[in-house]
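Take a look at the structure set out below.
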Amino acid sequence: MAHSSTVSPAVAVQSSAAQAKTAGGNWRMVAAMLLSGTIGLVVIESGLQVELVVLLRCLLGALGLGAWLWWRKAWTAPSSMGLWMMAAGGAALVGNWVALFHAYAYVGIAVATVVYHVQPFLLVLAAALGGEALRWRQWPWMLLALAGVVLTSGLGTDAALAGEHAAAGLPVWGVLLALLAAALYTVTVITTRRVQNTAPAQIAMVQMLAGGVLLALWQAPVLAAMALQGWQQPAGIPIRQTVACVLVVGLVHTSLMYGLMYGAFQRLGAAAIAMLSFVYPAVALLVDLWWFGAHPAPAQWLGMGLIVVAVVGYRWQELRAVQR
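Going by this note's numbering, the sequence shown runs without a break in its numbering and finishes at 426.
Following this line, the structure appears as structure tokens:
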């Protein structure tokens, strides 16, 4: 007698729904990472001072996320501790943007983005400072990433990413700024994890408002001078280009991108999110090579490769440990 291998309609429906959910998460994550990889291009092409771009990004991003929260009626009253954590995370998030965008001028978008992706290792070190033991399996990947950072910095060589947008100076300053950005983002991750029962979009909106206020206070003299002297458009850049870039950074690279990422996080597992995240540095590298004509030295190519291998290896190892 033949054994029946038919699947019940209920199981088939559940399987189909799960596949549709995963597919929806895949395209959202890929779209979000594609946008992330092009943000450096838009920031540079705006022609504006980095701090001003970040301030406008905070304003437009908060407005876009606020509109989404209002439409979905997803706002909840945060606790006092949650509010403080969001404010601290916002200060770190905005500082992270400022440092990363400044890094572009020294080493270009590609190197800055790849170095920025050592952030998982900084999170491990932060946990170690909090009393959590470092496992011996983590050390080889961390040392490999460190070697990659040293090679990417161009230390001991005349190597630099000589793109048209690169500022005069040692590439090491750009690498240090990218590492600072990664460290600040680590602070954002830690503080965000301590906020409970709050929609991710609300957390992001409050972070942008808090960080934007602090940045505005820091830039008060510059903003006051602009108000007194009037707007001065950057030389050689049409006003329409600047306005378009600012709108894209605030509404597309912030509001829309956050919505896509959060939607992907709700639909995908950790393994898929970790692997699809590498669309971001890949796109950033292509933008730097194609649009800005960057020319990494062989040592820098090797360094970026080591960083990518280290981060992929570390995440793969962590995921295997979770699945056991």
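Glycine included, every Cβ here is placed at the ideal spot set by N, Cα and C.
- Residues of the same chain with a CB within less than 6 Å of the CB of TRP275, apart from the 5 flanking positions on each side, are TYR208 in chain order.
- GLY139 sits close to ALA386, with the two beta carbons spaced by under 8 Å.
- Between SER182 and VAL348, the C-beta spacing is not below 8 Å.
- The DSSP assignment places 372-378, 381-392 as complete runs of the alpha helix (DSSP H) inside the stretch 371-408, in order along the chain (cut-off: 4 residues).
- A contact between stretches requires three or more CB pairs, one per stretch, nearer than 8 Å, and the stretch 218-234 fails this requirement with the stretch 335-343.
- Put simply, of ALA374, ALA247, GLU420 the residue whose alpha carbon is nearest the alpha carbon of ASN128 is ALA374.
- Sequence-distant Cβ neighbours of HIS219 in its own chain, meaning closer than 7 Å and more than five residues away, are PRO383, ILE409, VAL413.
- By the Cβ neighbour-count rule, ALA337 is exposed, with fewer than 16 other Cβ atoms within 10 Å of its own.
- With a threshold of 16 other beta carbon atoms within 10 Å, THR178 falls short and is exposed.
- In this structure, MET307 keeps its C-beta atom at 8 Å or more from the C-beta atom of LEU157.
- Of the residues assessed, ASN198 falls on the buried side of the cut-off, its CB having 16 or more other CB atoms within 10 angstroms.
- Counting only residues of its own chain and dropping the five nearest sequence neighbours on each side, HIS355 has a CB closer than 6 Å to the CB of LEU137, ILE141.
- Here PRO400 is exposed, its C-beta having fewer than 16 other C-beta atoms within 10 Å.
- Residue nearest to LEU316 within the set ALA301, LEU391, VAL217, ALA189 is ALA189 (criterion: CA-CA distance).
- VAL251 has its alpha-carbon roughly 9 Å from the corresponding atom of LEU281.
- Taking C-alpha positions only, GLN240 is separated from ALA249 by approximately 15 Å.
- With fewer than 16 neighbouring CB atoms inside 10 Å of its own CB, LEU319 falls in the exposed class.
- PRO242 is classed as exposed because its beta carbon has fewer than 16 other beta carbons within 10 Å across all chains shown.
- Sequence-distant Cβ neighbours of ALA235 in its own chain, meaning closer than 8 Å and more than five residues away, do not exist here.
- Counting C-beta atoms within 10 angstroms of its own C-beta, ARG422 has fewer than 16 neighbours from the protein chains shown and is therefore classed as exposed.
- Annotated three-state conformation of LEU150 is coil, per DSSP.
- Take ALA284, set aside five residues on each side of it, and the residues of its chain with a beta-carbon closer than 7 Å to its own are TYR218, VAL220, GLN221, LEU224, in chain order.
- Here GLY233 is exposed, its C-beta having fewer than 16 other C-beta atoms within 10 Å.
- Counted as a single uninterrupted DSSP element, the alpha helix (DSSP H) harbouring ARG342 occupies residues 341-349.
- When the five nearest sequence neighbours on each side are left out, the beta carbons in the same chain lying within less than 7 Å of the beta carbon of ILE305 are those of MET188, THR294, VAL297, in order along the chain.
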